[in-house]
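Protein chains in written order, with the numbering used here: chain A, 323 to 652; chain B, 323 to 652.
Below is the structure:
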């Protein structure tokens with residue numbers, strides 16, 4: 323489809339997104355002059371200085387979560403024309419919100435585009451750990467079944483007390499799904515949620531002590547870094563299971579690996595790690611751990627939803643309309 | 323707990339159960355004289371003849387599904403004292419119901435003891451196939467993540483049309499769980515179920531043609547053998563996924579493997595196979611297939627529930643009370 327004829331050149335947009343996604347790129351380039359950091363091959367400061375020197379410097383940036391540059395004071399100093407940062411993830415731990423607020427830079431994120439997919443993945447990993455699906459998979463593929471003796475039993479979902487850390491959009495969707503399996507839902511969040519009937523805990527430690535399963539579904543910030551620490555793992559106990567679809571650094575990974583090695587917790591399902599793509603090698607030989615490569619958001623449906631949602635936010639920004647999924651107002 | 327003092331010796335029970343389960347065995351032996359076929363090491367006919375020659379020949383048999391002897395005319399001829407056969411599985415395809423009915427032998431099964439666990443496993447395998455959990459697991463464990471380029475996208479659960487073959491207890495529990503993920507539920511059964519709002523299909527072929535996912539959740543009998551055949555697989559089509567937690571022979575396995583090899587369906591999650599414990603070796607290299615070793619019922623909770631349920635049925639039989647989960651009345 324041809325763009326409508328316009329008098330002015332299309333606005334410039336900074337892009338920080340390493341993974342290839344041809345449809346996403348095409349949709350952006352159809353509407354904007356895209357200044358692509360990873361394609362430029364330039365050091366960050368040079369790239370930003372070049373953009374700032376343009377006659378029509380970029381007012382918006384699209385930044386992927388996780389692997390890209392951090393949008394901090396130095397970044398914002400080097401790109402003084404920026405008025406809007408869009409994060410293609412739900413997490414905004416790569417964006418210094420305080421600095422953005424101070425400068426009047428609006429921030430929006432992927433909102434709920436990924437929430438159902440992340441919740442599905444969390445539930446899938448929990449079933450997998452409890453019912454030993456991936457372990458059975460390895461067993462069958464290795465050809466061991468015909469020679470088997472006894473196979474270790476799994477554990478039932480129904481009746482399990484699942485403590486969710488962070489009952490936002492994703493956490494709520496996880497709870498809704500697990501209710502259908504007969505799980506009992508508890509949660510921790512900064513404040514008790516009002517219309518929610520699940521039992522609330524004001525301390526993660528107490529939540530862990532009362533739960534069979536802990537699901538980490540919170541954002542990463544200074545308050546939630548290592549929110550699952552040695553004490554929480556100990557409170558969860560040797561029959562406990564931890565699922566993490568938040569951020570790797572929500573858990574003290576060294577302590578988690580140690581507890582798994584020493585049998586002080588029963589298992590874990592991990593989509594995120596503290597130093598991605600590095601995964602502690604000790605985990606590779608553990609049958610009670612299920613690991614995926616930060617793919618909880620990875621479906622073709624959510625990718626096309628994200629593309630539409632990103633464009634919709636940029637269009638709103640450039641036409642002065644309200645942003646769809648505001649994290650910080652300008 | 324000690325048994326109550328009794329005048330007569332405890333009744334004899336035939337046991338056909340290969341897997342060790344110390345608590346199950348102890349519970350049986352505490353109440354009955356257990357004649358254990360697999361422990362005897364005898365050929366079946368000798369074992370049955372020996373039991374029949376006892377002064378107090380066995381009136382009840384406990385028979386595991388799947389791997390044990392078939393309870394057919396020859397079996398029943400050799401054990402004329404039998405009046406009750408209890409199947410420790412939900413499936414009774416290893417019991418010739420017609421012969422049992424003709425001789426007035428009652429048959430009961432595990433009833434709904436396993437249903438929730440089987441439904442959970444089915445949903446776990448579906449998430450696993452759609453979201454590539456086991457494939458991602460292999461990827462991470464192989465250490466490939468740090469060197470990765472693009473990783474293949476999964477597919478969203480929400481909105482998927484899931485066609486369930488057999489809307490009994492297990493099928494209904496699968497449906498209930500998948501509704502919480504936003505799936506659309508269709509079903510096939512011999513007759514339309516009355517209080518059910520899911521769309522009914524009177525033909526498996528038509529169900530497959532309208533579905534993204536087929537879940538096999540029916541019993542195995544002459545009508546359901548190869549109920550998923552070449553035509554059904556073709557109707558499901560190249561984006562379709564098949565989950566089987568019924569019996570291996572519900573699917574024409576040769577055709578299924580061929581369709582997977584040729585990309586005529588998108589993937590499969592299989593807990594059961596036609597010639598267990600043999601699994602077609604072609605499947606071992608497929609990333610779009612999730613295989614487990616007939617463990618959908620394997621949880622410690624369902625095992626202890628089964629123990630209680632077996633004893634309760636035997637106690638009812640020996641005291642002349644109604645059986646709890648009758649398949650065939652005497």
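Even glycine gets a Cβ: it sits at the ideal position worked out from N, Cα and C. Note that the coordinates shown come from a computational prediction; the quantities given were computed from them, not determined experimentally.
Helix, strand or coil at residue i according to DSSP, with G and I counted as helix
{"i": "residue 553(B)", "result": "helix"}
{"i": "residue 483(B)", "result": "strand"}
{"i": "residue 409(A)", "result": "strand"}
{"i": "residue 583(B)", "result": "helix"}
{"i": "residue 323(B)", "result": "With a pLDDT of only 49 at residue 323(B), under the threshold of 50, the placement of this residue in the model should not be trusted; the figure read from the coordinates follows. Of the three classes helix, strand and coil, the one that applies to residue 323(B) here is coil, per DSSP."}
{"i": "residue 605(B)", "result": "helix"}
{"i": "residue 466(B)", "result": "coil"}
{"i": "residue 498(A)", "result": "helix"}
{"i": "residue 567(B)", "result": "coil"}
{"i": "residue 591(A)", "result": "strand"}
{"i": "residue 621(A)", "result": "strand"}
{"i": "residue 404(A)", "result": "coil"}
{"i": "residue 646(A)", "result": "coil"}
{"i": "residue 518(B)", "result": "coil"}
{"i": "residue 597(A)", "result": "strand"}
{"i": "residue 446(A)", "result": "helix"}
{"i": "residue 339(A)", "result": "coil"}
Within-7 Å CB hit, residue i to chain B
{"i": "residue 608(A)", "result": "no"}
{"i": "residue 632(A)", "result": "no"}
{"i": "residue 449(A)", "result": "yes"}
{"i": "residue 267(A)", "result": "Residue 267(A) falls outside the range modelled here, since chain A spans only 323 to 652, and no answer is possible."}
{"i": "residue 432(A)", "result": "no"}
{"i": "residue 456(A)", "result": "yes"}
{"i": "residue 463(A)", "result": "yes"}
{"i": "residue 502(A)", "result": "yes"}
Within 7 Å, strictly: CB atoms of residue i and residue j
{"i": "residue 432(B)", "j": "residue 446(B)", "result": "no"}
{"i": "residue 596(A)", "j": "residue 562(A)", "result": "no"}
{"i": "residue 601(A)", "j": "residue 616(A)", "result": "no"}
{"i": "residue 478(A)", "j": "residue 534(A)", "result": "no"}
{"i": "residue 336(A)", "j": "residue 379(A)", "result": "no"}
{"i": "residue 590(A)", "j": "residue 564(A)", "result": "yes"}
{"i": "residue 650(B)", "j": "residue 398(B)", "result": "no"}
{"i": "residue 504(B)", "j": "residue 480(B)", "result": "yes"}
{"i": "residue 416(A)", "j": "residue 453(B)", "result": "no"}
{"i": "residue 427(A)", "j": "residue 627(A)", "result": "no"}
{"i": "residue 400(A)", "j": "residue 367(A)", "result": "yes"}
{"i": "residue 360(B)", "j": "residue 639(B)", "result": "no"}
{"i": "residue 592(B)", "j": "residue 430(B)", "result": "no"}
{"i": "residue 549(A)", "j": "residue 566(A)", "result": "no"}
{"i": "residue 498(B)", "j": "residue 502(A)", "result": "yes"}
{"i": "residue 423(B)", "j": "residue 629(B)", "result": "no"}
{"i": "residue 372(B)", "j": "residue 413(B)", "result": "no"}
Rounded straight-line distance, which links the Cα of residue j to that of residue i
{"i": "residue 365(B)", "j": "residue 356(B)", "result": "17 Å"}
{"i": "residue 457(B)", "j": "residue 500(B)", "result": "22 Å"}
{"i": "residue 524(A)", "j": "residue 488(A)", "result": "11 Å"}
{"i": "residue 643(A)", "j": "residue 521(B)", "result": "43 Å"}
{"i": "residue 377(B)", "j": "residue 621(B)", "result": "39 Å"}
{"i": "residue 604(B)", "j": "residue 598(B)", "result": "15 Å"}
{"i": "residue 607(A)", "j": "residue 384(A)", "result": "39 Å"}
{"i": "residue 582(A)", "j": "residue 512(A)", "result": "28 Å"}
{"i": "residue 577(A)", "j": "residue 370(B)", "result": "57 Å"}
{"i": "residue 506(B)", "j": "residue 619(A)", "result": "21 Å"}
{"i": "residue 648(B)", "j": "residue 409(B)", "result": "10 Å"}
{"i": "residue 468(B)", "j": "residue 536(B)", "result": "36 Å"}
{"i": "residue 375(B)", "j": "residue 392(B)", "result": "21 Å"}
{"i": "residue 402(B)", "j": "residue 338(B)", "result": "17 Å"}
{"i": "residue 544(A)", "j": "residue 611(B)", "result": "41 Å"}
{"i": "residue 470(A)", "j": "residue 462(A)", "result": "10 Å"}
Test: residue i CB closer than 7 Å to a CB of chain A
{"i": "residue 513(B)", "result": "no"}
{"i": "residue 438(B)", "result": "yes"}
{"i": "residue 528(B)", "result": "no"}
{"i": "residue 499(B)", "result": "yes"}
{"i": "residue 477(B)", "result": "yes"}
{"i": "residue 620(B)", "result": "yes"}
{"i": "residue 459(B)", "result": "yes"}
{"i": "residue 363(B)", "result": "no"}
{"i": "residue 617(B)", "result": "yes"}
{"i": "residue 427(B)", "result": "no"}
Cβ contact check for the stretch 551 to 564 of chain A and the stretch 523 to 532 of chain A: 3 or more pairs under 8 Å: Output reads yes: the stretch 523 to 532 of chain A touches the stretch 551 to 564 of chain A.
Determine, using beta-carbon pairs with one atom in the stretch 628 to 644 of chain B and one in the stretch 486 to 504 of chain A, whether at least three such pairs fall under 8 Å. Proximity of the stretch 628 to 644 of chain B to the stretch 486 to 504 of chain A falls short of the contact definition, fewer than three beta-carbon pairs being nearer than 8 Å.
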